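K.L.:
Dumping the structure here so I can ask a few things about it.
In full-length UniProt numbering, the protein residues as written are 1 to 251.
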């Protein structure tokens, strides 16, 4: 009987130890293991004179530059080929907004020592090609919907960066981008051609946004990136001179 009591006590003690270990292990493993969100943030963040610069910050800077490389010539084309005043006005806002933003993003990239792309990506070149192949009312509709969808996707990125960045240069760039993107969304919607049902379906079927790709750490001060050299639709449109901060609102 005494042996059974000892054995029973031992089993209870072993069970308590096992339970305590099960409760403590997740805490220990979370604190020590690599690959957590905080670990990735620390690994992908570099120090600058303007505050920490994360992978998302660097991805955002690249996206601002890429947006200008295709949306600026798309706006120039709309000013020429749009068959309604609203479409031509939207084109004018794109030209003014991205002329301003391109100058801003080149300034920020120079101060942070980051390289910037000089050509639109393959998807953006495809959009320019699709616009160049359209005319009349079809062109108006494609212009309004392709550009509105693109701006909607960028808008959420701008908000995330503005809410979370610890870098003062990125913060002010996000402020400028937010004002510009919202203005462009507004004038594109004022064409009366945006298919909001299609936008909603696209948002519902799109997967989660992929993580930001790592960009090289700032090596220090560098020469200013060259002027934008976008792939332009046919016929070619020259880049306009640098513009002052555009004023949002109707023309």
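All C-beta atoms in this analysis are idealised placements derived from N, C-alpha and C, irrespective of residue type, glycine included. As the structure is a prediction and not an experimental result, all values here were calculated from the model.
Going straight from the alpha carbon of residue 83 to that of residue 38, what length do you get?
P.N.:
Cα-Cα distance, rounded: 51 Å.
K.L.:
Hey, how far is the Cα of residue 165 from the Cα of residue 106?
P.N.:
If I take the Cα positions, the gap works out to 19 Å.
K.L.:
Secondary structure at residue 114, three-state DSSP: helix, strand or coil?
P.N.:
coil
K.L.:
Determine whether the beta carbon atoms of residue 114 and residue 61 lie at a separation below 9 Å.
P.N.:
Contact: yes.
K.L.:
In this structure, does DSSP put residue 194 in helix, strand or coil?
P.N.:
Residue state for residue 194 is assigned as coil, using DSSP reduced to three classes.
K.L.:
What residues match up with residue 46 in a beta bridge as DSSP calls it?
P.N.:
53
K.L.:
Determine the closest residue to residue 50 out of 145, 118, 111 and 143, with distance taken between C-alpha atoms.
P.N.:
111
K.L.:
Please report the distance separating the alpha-carbon of residue 191 from that of residue 76.
P.N.:
16 Å
K.L.:
Which two residues bound the contiguous alpha helix (DSSP H) that contains residue 163?
P.N.:
136 to 164
K.L.:
Starting from residue 83, trace the alpha helix (DSSP H) in both directions and tell me its first and last residue.
P.N.:
First-last for residue 83: undefined, no H or E at that position.
K.L.:
What does a CB cutoff of less than 7 Å around residue 292 pick up in its chain, not counting 5 residues either side in sequence?
P.N.:
This structure gives no information on residue 292, because the portion of the chain shown stretches from 1 to 251.
K.L.:
According to DSSP, is residue 73 part of a helix, a strand, or is it coil?
P.N.:
helix
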